[in-house]
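All the letters of the sequence shown, read from the start, carry residue numbers 637 to 974 under our numbering.
C-beta: ideal position from N, C-alpha, C; glycine also.
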Amino acid sequence: MMDASHILTSFRKAIKNFQSTGGEQIIRKAELENPWFTETSIAQSLEEWEHALTDDEINQWLSEYTISEVPSHQKTIGIIGAGNIPFVVMHDVLCALVSGYRIHLKLSSEDTVLPKFWITQAEELIGESLPITYVEKLNDSNVIIATGSNNTHRYFEYYFRDKPRILRKSRSSVAVLSKQLETVQITRLGEDIFRYFGMGCRNVTQLWVPEGFEFAQLFETWHDTYQDLVNHHKYANNYNYHKALLLMNLDPHIDSGFVLFKERDSLHAPVGLVNFSYYKDISEVNSWLESKNEEIQCVLSEVEGIHVLSYGEAQKPTLRDYADNVDTLSWLLKQINQ
């Protein structure tokens, strides 16, 4: 049997060796495959994974499930990955590996280069092939994890109706602000909004701000760091398109020059735009958060009365931070023992 800790440590070492093992060429290929995957975005994702896979994090994660040696591979899991941010499918892959599944992996067409490279490099460090097969169909899988949009979720529900499954659809994140923020808070909040161009489920797309809130304090702090977003052609296309729509419709909005803010009670926001709502009392926000619980991935706040993640923590998940708050590893272990 393979040692679970050794598998995870090998994936961390593969990250450390990324540049020396052809990583620069892989980054160029990944950006050609998906122009949203810039060198900066990929480097940020690699850094987050390296932090998530420290020895302390690995030991703490595995100890919660009393996993040491990986069980024999008696069942097959089908994993359908998303492609919105670099390496996003890999948490499901690692959960499946340490819980003892053979993996049928259907990668998103927008993120094939990076996961395959990382897996190959980890296999070389482990010294043997991992039980991963890249597929287009998941007909022979015993259990399913599939991530997609709200539209594909309906398809997944029907197609995999007879199999144990975790199905994920679109979610987004929310930040609750006080009237006056410190510069460091605004800087960290910028990471939650703009990292990966705002395309991840952990990116903030809805702000709750107190009445009288001055948006200028945000723009002054973010300007030097994020004004270059509009130099990325896909981001610029989105920003300019939605700006034109707002102007043609005489729709009130706030334009910072690199991101638009629209007063609207909605978690969905296109790239280049952030929704916001005003509140008088924090109880209004708590009621709204409760009503939208099934659509929210993260809540960020340093406002009294809402105890959740602090600003800047959305894009720094640990191994113990599960999508949709569903403990993937616990679920997989339960299924493999049935």
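### Query
Does the Cβ-Cβ distance between I713 and I739 come in under 8 Å?
Along the sequence shown, read from residue 1 onward, the residue named residue 713 stands at position 77. Along the sequence shown, read from residue 1 onward, the residue named residue 739 stands at position 103. Taking 8 Å as the Cβ cut-off, I713 and I739 qualify as a contacting pair.
### Task
Determine the DSSP secondary structure at F912, reduced to helix, strand or coil.
Position 276 of the sequence shown holds residue 912. Strand.
### DSSP beta-bridge partners of I780
Here residue 780 is taken as the residue at index 144 of the sequence shown, counted from 1. In DSSP, I780 forms a bridge with G714, R801.
### Task
Go ahead and pull the three-state DSSP assignment for F897.
As a working mapping, residue 897 is identified with position 261 in the sequence shown. In the structure shown, F897 sits in a strand (DSSP, three-state: E or B).
### Task
Please state if the CB of G893 and the CB of Q863 are separated by a distance shorter than 8 Å.
Along the sequence shown, read from residue 1 onward, the residue named residue 863 stands at position 227. Along the sequence shown, read from residue 1 onward, the residue named residue 893 stands at position 257. Their beta carbons are under 8 Å apart, which means Q863 touches G893 by this criterion.
### Task
For I890, name the three-state secondary structure that DSSP assigns.
Position 254 of the sequence shown, counted from the first residue, corresponds to residue 890. Here DSSP, grouped into helix, strand and coil, assigns I890 to strand.
### Query
Is any heavy atom in the ligand FMN found nearer than 7 Å to the beta carbon of L865?
In the structure on display, the ligand FMN does not appear, and there are no ligands present to speak of.
### Query
Closest to V734 by CA distance: which of T645, A679, L882 is it?
The residue given as residue 734 occupies position 98 in the sequence shown. Residue T645 is the option with its Cα nearest to V734.
### Task
Would you kindly work out how many angstroms separate the C-alpha atoms of G941 and L925, rounded to a whole number?
Counted from its first residue, the sequence shown places residue 941 at position 305. Counted from its first residue, the sequence shown places residue 925 at position 289. Their Cα atoms are separated by approximately 13 Å.
### Message
I'd like the ranges of any alpha helix (DSSP H) spanning at least 4 consecutive residues and lying wholly in the segment 712–775.
### Response
As summarised for the segment 712–775, the continuous alpha helix (DSSP H) elements at least 4 residues long and confined to that stretch are 726–734, 749–762, given in chain order.
### Residue range of the unbroken beta strand (DSSP E) whose run includes L936
Taking the sequence shown and counting its residues from 1, the one referred to as residue 936 is at position 300. From DSSP, the beta strand (DSSP E) with L936 extends over 932–937.
### Query
Nearest-angstrom Cα distance between P671 and H642?
For the purposes of this step, residue 671 is taken as residue 35 along the sequence shown, with counting starting at 1. For the purposes of this step, residue 642 is taken as residue 6 along the sequence shown, with counting starting at 1. Spanning the two alpha carbons is a distance of roughly 34 Å.
### Query
By the 10 Å Cβ neighbour count, where 16 or more other Cβ atoms means buried, how is K805 classified, buried or exposed?
As a working mapping, residue 805 is identified with position 169 in the sequence shown. Buried.
### Query
Going by DSSP, what residues sit across from E684 in a beta bridge?
Taking the first residue of the sequence shown as position 1, residue 684 is located at position 48. Bridge partners of E684 according to DSSP: none are assigned.
### Query
Using the beta-carbon count (16 or more within 10 Å), is A732 buried or exposed?
In the sequence shown, the residue the question calls residue 732 occupies position 96. Sixteen is the threshold: when 16 or more other Cβ atoms of the shown chains lie within 10 Å of the Cβ of A732, as they do, the residue is buried.
### Query
Start and end of the alpha helix (DSSP H) containing S946?
Translated into positions along the sequence shown, residue 946 becomes position 310. Annotation for S946: no alpha helix (DSSP H) segment contains it, and DSSP assigns it neither H nor E.
### Message
Out of Q842, K752, F830, which one is the CA nearest neighbour of T861?
### Response
Taking the sequence shown and counting its residues from 1, the one referred to as residue 861 is at position 225. Considering only alpha carbons, the answer is F830.
### Query
What is the DSSP secondary structure of E926, counted as helix, strand or coil?
Position 290 of the sequence shown holds residue 926. The answer is helix: DSSP assigns E926 an H, G or I state.
### Query
For E684, which option in N695, Y877, F647 has the closest C-alpha, if you only look at C-alpha atoms?
The residue you call residue 684 lines up with position 48 of the sequence shown. Checking every option, the nearest Cα to that of E684 belongs to F647.
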